[in-house]
Amino acid sequence: MSDANPKQGSNSLQFQPSQLSGSLPVPTVGGQGASSGARPSVIQLVFREKSALYAAYIPAFTEGGLFVPTTRDYKLGEDIYLLLALPEDNQRYPVAGKVAWLTPANASGGRTQGVGVRFPGDEKTRQIRARIEEILGTAISSSKPTQTL
4 MSDANPKQGS NSLQFQPSQL SGSLPVPTVG GQGASSGARP SVIQLVFREK
54 SALYAAYIPA FTEGGLFVPT TRDYKLGEDI YLLLALPEDN QRYPVAGKVA
104 WLTPANASGG RTQGVGVRFP GDEKTRQIRA RIEEILGTAI SSSKPTQTL
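The opening position of the sequence shown corresponds to residue 4 in this note's numbering, with each subsequent residue numbered one higher.
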């Protein structure tokens with residue numbers, strides 16, 4: 004059985020990144036593509052394994068961020084809401100981020116299509132970033148490839 008379990012709604016998706024051995028499964032989001040009048044997407048990300056969180060985390064963003072595999076078309080700066088579940092943590096963390104990275108279909112190097120969501124600079128999100136970095140520990144400085152860099 005796969006860890007990926009997409010559940011689609013009009014503008015929502017639940018996705019559980021699998022333990023990575025190279026790439027994440029690519030879910031699709033129901034509803035229409037991005038437009039200025041569209042409601043922001045709501046995506047639930049459930050990280051069961053530290054390796055999946057490591058591959059998705061984007062420390063290059065000043066406030067932190069996460070890569071979200073998706074075939075939906077997004078635009079840079081578009082609002083996107085994440086509901087995160089982290090490994091070994093029963094709490095759900097809401098994040099109101101913005102799309103700050105695009106990996107198109109058929110990207111070089113076999114990279115998974117998706118978006119990088121930049122966290123906002125508020126105190127609540129700083130605490131979430133600190134929690135992610137606490138979970139990742141020394142792995143955060145690893146040279147192992149991720150989904151973005």
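Glycine included, every Cβ here is placed at the ideal spot set by N, Cα and C.
Neighbour flag for residue i against chain D, beta carbons, 7 Å
| i | result |
| --- | --- |
| R132 | In the displayed structure, chain D is absent; only one protein chain is listed. |
Secondary structure of residue i, DSSP reduced to three states
| i | result |
| --- | --- |
| I61 | coil |
| R114 | coil |
| G68 | strand |
| L79 | coil |
Contacting residues, own chain, Cβ-Cβ under 6 Å from residue i (five flanking each side not counted)
| i | result |
| --- | --- |
| T141 | none |
| L86 | Q47, R95 and P97 |
Assigned exposure category for residue i - 16 Cβ within 10 Å defines buried
| i | result |
| --- | --- |
| L139 | buried |
| E126 | exposed |
| G56 | A small correction: the amino acid at residue 56 is Leu; Gly does not occupy that position in the sequence shown. It is buried - the Cβ of L56 has at least 16 other Cβ atoms within 10 Å. |
Distance CB(residue i)-CB(residue j) smaller than 7 Å
| i | j | result |
| --- | --- | --- |
| P90 | F122 | no |
| P43 | Y77 | no |
| F70 | G119 | yes |
Endpoints, beta strand (DSSP E) assigned at residue i
| i | result |
| --- | --- |
| K101 | R95 to T106 |
| L139 | First-last for L139: E126 to L139, but that is the alpha helix (DSSP H), not the beta strand (DSSP E). |
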